[in-house]
Amino acid sequence: MTISRERVLAELAQIAVPGGGNLVSADLVRALNVESGVVRFVIEAADAGSARALAPVEAEAQRRLSALPGVEKVQIVTTAPAAPRGAAPQVAARSGGEAPPSLKIGRHPTPQAGPAPVSGVARILAIGSGKGGVGKSTLTSNLAVALARKGRRVGLLDADIYGPSQPRMLGLTGQRPTSDGQMIEPLHAHGVTVMSLGLMMKEGEAVVWRGPMLMGALQQMLNQVKWGELDVLLVDLPPGTGDVQLSLCQKAQVSGAIIVSTPQDVALIDARRAIDMFGKLQTPVLGLVENMSTYICPNCGHEAHLFGHGGVAAEAAALGLPFLGEIPLNLDLRLAGDAGTPIAAGDGPAAQSFARLAERLIAGGMA
Numbered sequence: 001m002t003i004s005r006e007r008v009l010a011e012l013a014q015i016a017v018p019g020g021g022n023l024v025s026a027d028l029v030r031a032l033n034v035e036s037g038v039v040r041f042v043i044e045a046a047d048a049g050s051a052r053a054l055a056p057v058e059a060e061a062q063r064r065l066s067a068l069p070g071v072e073k074v075q076i077v078t079t080a081p082a083a084p085r086g087a088a089p090q091v092a093a094r095s096g097g098e099a100p101p102s103l104k105i106g107r108h109p110t111p112q113a114g115p116a117p118v119s120g121v122a123r124i125l126a127i128g129s130g131k132g133g134v135g136k137s138t139l140t141s142n143l144a145v146a147l148a149r150k151g152r153r154v155g156l157l158d159a160d161i162y163g164p165s166q167p168r169m170l171g172l173t174g175q176r177p178t179s180d181g182q183m184i185e186p187l188h189a190h191g192v193t194v195m196s197l198g199l200m201m202k203e204g205e206a207v208v209w210r211g212p213m214l215m216g217a218l219q220q221m222l223n224q225v226k227w228g229e230l231d232v233l234l235v236d237l238p239p240g241t242g243d244v245q246l247s248l249c250q251k252a253q254v255s256g257a258i259i260v261s262t263p264q265d266v267a268l269i270d271a272r273r274a275i276d277m278f279g280k281l282q283t284p285v286l287g288l289v290e291n292m293s294t295y296i297c298p299n300c301g302h303e304a305h306l307f308g309h310g311g312v313a314a315e316a317a318a319l320g321l322p323f324l325g326e327i328p329l330n331l332d333l334r335l336a337g338d339a340g341t342p343i344a345a346g347d348g349p350a351a352q353s354f355a356r357l358a359e360r361l362i363a364g365g366m367a
């Protein structure tokens, strides 16, 4: 028997929530995805206190949905924005009537002598690719979740200024960070501390900035965000070898870079450019990851190599760099990202690919 989205919503409508109403009528269900017997969704609480009060509700939803015919697995995540949905960042006045510093993202950069550490952050890993469309952002969000599941304290900085996708992939669309007038409070999802320019703008709004504005925005998101104590901060870089990459390596003490590429030659050409760029910026390349490595047909189990296979491993060997692993091309991986619940939060084969990558980074002292 196949479970439908409507049947899931009907069951959730039977679960009462504190304050009256049910999960559906209270508009708490986000990013619901029902696919191949797997039910995934987010319970979006108004604040941290409400999230704690919803713990029994999450448990009840898990129990009831798991009992439905056709349901093989249920994945629920309860999140709490730092402010009510849609609220603009609140800026507090400072003592003595002094105007608070501007926290509007996109000012010109502050002069800085050289690369500096980010307070409380033990390691910064840049996740880059020379080419767009190779799945770098998907890999970054899932790697962050996989590391968090291994017990690491993880932050994710979405530095893809022109195309920030992490809010959607982590289920944070429509949520806004707050400010005390001096620092920005990041959001949290799936055990990961998150900051993105996409959280400060309307979805679909274009960023039309020159280099100095990009550099200033990156500097602010590094140094004016309350990252807290982190074992590792993953920085999701934009494609290419431009201003953001240059600013990150010049302004922050980056522990190393991970290069993501698909196996085909056209992607590897640009990956080589990214590796060369990090070399010129004196940032060590910790290794390469082959994304979209294989595709296994969900109907017949046939394995196909749509973009080739093994090209990234061969490139790593030729350059004397570590090959960190391969990630399959998987429909569930795409659906999970669109739904805001990274597949690494689950336990399937694709999730295990990210778990192995996380384990390798931890074992190598890179995370």
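Numbering (UniProt numbering), first residue to last: 1 to 367. From the three backbone atoms N, C-alpha and C, an ideal C-beta is built for every residue, glycine too.
{"Item": "Can you check whether the CB of residue 195 is closer than 8 Å to the CB of residue 154?", "Value": "no"}
{"Item": "Since residue 270 is in the alpha helix (DSSP H), which residue starts that stretch and which ends it?", "Value": "265 to 280"}
{"Item": "If we ignore side chains and look at the alpha-carbon of each, how far apart do residue 171 and residue 362 end up?", "Value": "26 Å"}
{"Item": "In chain order, what residues of the same chain have a beta carbon less than 8 Å from the beta carbon of residue 86, not counting five sequence neighbours either side?", "Value": "With a pLDDT of 41 at residue 86, under the threshold of 50, the predicted position of this residue should be treated as unreliable, though the coordinate-derived value follows. Only 174 and 176 meet the Cβ criterion."}
{"Item": "Work out the CA separation of residue 197 and residue 345 for me, nearest whole Å.", "Value": "24 Å"}
{"Item": "Considering Cα atoms alone, identify which of 38, 19, 22 and 23 is closest to residue 4.", "Value": "38"}
{"Item": "How would you label residue 288, buried or exposed, when you count the other beta carbons within 10 angstroms and need 16 or more for buried?", "Value": "buried"}
{"Item": "Rounding to the nearest angstrom, what Cα-Cα distance links residue 308 and residue 315 in this structure?", "Value": "13 Å"}
{"Item": "Please name the residue or residues paired with residue 41 in a DSSP beta bridge.", "Value": "76"}
{"Item": "Please name the residue or residues paired with residue 124 in a DSSP beta bridge.", "Value": "233"}
{"Item": "Locate the alpha helix (DSSP H) running through residue 140, then write down its first and last residues.", "Value": "136 to 149"}
{"Item": "Could you check how far apart the C-beta atoms of residue 375 and residue 342 are, in whole angstroms? I think they sit under 8 Å.", "Value": "Since the first and last residues shown for the chain are 1 and 367, residue 375 lies out of range."}
{"Item": "For the alpha helix (DSSP H) containing residue 254, name the first residue and the last one.", "Value": "Unbroken run through residue 254: none, as it is neither H nor E."}
{"Item": "Just checking: is the beta-carbon of residue 353 within a distance shorter than 8 Å of some beta-carbon in chain D?", "Value": "The structure shown contains no chain D, having only a single protein chain."}
{"Item": "Helix, strand or coil: how does DSSP classify residue 362 here?", "Value": "helix"}
{"Item": "What does DSSP give as the partner residue(s) for residue 188 in the beta ladder?", "Value": "193"}
{"Item": "Whether or not the stretch 289 to 297 and the stretch 160 to 168 are in contact is what I'm after, with contact meaning three or more pairs of Cβ atoms, one per stretch, closer than 8 Å; do they touch?", "Value": "no"}
{"Item": "So residue 357 packs on residue 325, CB below 8 Å; how close in whole Å?", "Value": "5 Å"}
{"Item": "Is residue 52 buried or exposed, if buried means 16 or more other CB atoms sit within 10 Å of its CB?", "Value": "exposed"}
{"Item": "Using 8 Å for Cβ pairs, my map puts residue 33 next to residue 350. What's the rounded Cβ distance?", "Value": "Incorrect: roughly 14 Å between the Cβ atoms, too far for contact."}
{"Item": "Taking 8 Å as the limit between beta carbons, can you name the residues of its chain near residue 18, skipping five residues before and five after?", "Value": "50, 53, 54 and 57"}
{"Item": "Starting from residue 158, follow the beta strand (DSSP E) in both directions and report where the run begins and ends.", "Value": "154 to 158"}
{"Item": "Compare the Cα-Cα distances from residue 278 to each of 73, 127, 76 and 29 and report the closest residue.", "Value": "127"}
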